[in-house]
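Quick notes on the structure that follows.
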Amino acid sequence: MRNLDDYPFEIRPLSEAEGGGYLISYPDFSDCISDGETVEEAITNGHDALVATITALEAKGFPVPAPNSGGVASGKFVARVPKTIHAQLTARAKAEGVSLNSLVLTFLAEGLGRREHHV
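Each step along the sequence shown adds one to the number in our numbering, with nothing skipped, and position 5 is 11.
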């Protein structure tokens with residue numbers, strides 16, 4: 007059996023707009039998150055979410071990432087941006103006749119390309 011304490015986690019405070027309390031996430035699992043009113047509650051709830059995530063992966067025959075592996079990249083992530091940036095991106099995508107996803111992917115690829123040339 008895995009030692010679940012070996013899996014690193016990150017905790018951050020949630021703003022009042024997000025409901026307050028604390029959010030816990032596990033870098034090795036892209037979709038394993040939980041929250042709590044206190045840090046201790048977030049850790050307890052996070053542990054429960056980690057158990058449920060590993061159990062579901064095993065039940066479906068999917069690989070379970072090892073601790074500190076960085077997880078299995080799914081090709082999907084969620085990014086929160088200010089409403090003004092979201093509006094600008096949406097307008098630009100519409101003007102260029104592409105999806106918002108395609109536009110953002112292009113910007114990311116271009117940015118990564120520039121970074122690699124200047125490192």
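Glycine included, every Cβ here is placed at the ideal spot set by N, Cα and C.
Between which residues of its own chain and residue i is the CB-CB distance below 6 Å, once the five residues before and five after are set aside?
i     : result
VAL10 : Checking the displayed sequence, the identity of residue 10 turns out to be Leu instead of Val. Counting only Cβ-Cβ distances below 6 Å, and skipping sequence neighbours, we find LEU56.
Would you kindly check if the distance between the Cβ of residue j and the Cβ of residue i is under 7 Å?
i     : j     : result
ASP12 : PRO73 : yes
Within a Cβ cutoff of 7 Å, which residues of the same chain sit near residue i, ignoring the five residues on either side of it in sequence?
i     : result
VAL45 : ILE17, TYR28
SER75 : ASP34
To the nearest angstrom, how far is it from the Cα of residue i to the Cα of residue j?
i      : j      : result
ASP41  : GLY67  : 27 Å
LEU111 : GLY26  : 31 Å
HIS53  : ASN107 : 33 Å
VAL125 : ALA65  : Here VAL125 scores only 46 on pLDDT, less than 50, and its place in the model is too uncertain to base an answer on.
PRO88  : GLY103 : 23 Å
TYR32  : ALA97  : 34 Å
ASN51  : CYS38  : 11 Å
LEU95  : LEU63  : 35 Å
GLU22  : ILE91  : 21 Å
PHE15  : GLY117 : 28 Å
Report back the beta-carbon spacing between residue i and residue j to the nearest angstrom; my notes put them in contact at under 8 Å.
i     : j      : result
ILE49 : ILE30  : 6 Å
ALA99 : LEU109 : 4 Å
Among all the DSSP beta bridges, which residues are the ones paired with residue i?
i      : result
GLY119 : GLY119 is not bridged to any residue.
GLY42  : TYR28
ARG18  : LEU29
Within the same chain, show all residues whose beta-carbon is closer than 8 Å to that of residue i, passing over the 5 residues directly before and after it, in chain order.
i     : result
PHE83 : SER36
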